[in-house]
Amino acid sequence: MRDEASGTLFFNLVGENEESVTDILIDVYKALQVKGYNPVNQLVGYIMSEDPTYITSYNNSRGKIARMNRDEIIEELVHAFVEYHHLEDK
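The numbering of the sequence shown is this note's numbering, which starts it at 264 and goes up by one.
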């Protein structure tokens, strides 16, 4: 869908029966914690390199995160940052 006023193209990342990016990131984060990894370091390593070995295969975490592209992950993280700091309200 295109916003006529700005010309910006918008799209929905999640279909009806798909897990959201947020849900997948939460699951992966928890799995990394359970396996004794530093989840932030591992997720940053994965996002920077897209090397799946940064993500544990425990609880199918590697398979889940592999279904997303880095753009989706980064978009979700930036959105959460903006929301957390109430930047849209300023």
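Using N, Cα and C, we set each Cβ at its ideal position, and we do this for glycine too. Just so it is clear, the structure is predicted and the values come from calculations on it, not from any experiment.
Euclidean distance between Cα positions of residue i and residue j
| i | j | result |
| --- | --- | --- |
| Ile318 | Val345 | 26 Å |
| Tyr309 | Pro315 | 6 Å |
| Gly299 | Ile337 | 24 Å |
| Val303 | Thr271 | 32 Å |
| Glu293 | Glu313 | According to the sequence as given, residue 293 is Lys; it is not Glu. If I take the Cα positions, the gap works out to 19 Å. |
| Glu339 | Ile287 | 11 Å |
| His349 | Ser283 | 22 Å |
| Asn332 | Leu295 | 19 Å |
| Gly326 | Val341 | 23 Å |
| Ser324 | Asp334 | 18 Å |
| Gln305 | Met311 | 10 Å |
| Ile328 | Thr285 | 11 Å |
Host alpha helix (DSSP H) of residue i (start-end)
| i | result |
| --- | --- |
| Glu339 | Arg333 to Tyr347 |
| Arg325 | Ser324 to Ala329 |
Collapsed DSSP secondary structure at residue i in the structure displayed
| i | result |
| --- | --- |
| Glu299 | The sequence shown places Gly at residue 299, not Glu. Three-state DSSP puts Gly299 in coil, outside helix and strand. |
| Thr316 | helix |
| Thr285 | helix |
Which listed residue (the options) has its alpha carbon closest to that of residue i
| i | options | result |
| --- | --- | --- |
| Tyr321 | Val291, Met311, Glu281 and Asp352 | Val291 |
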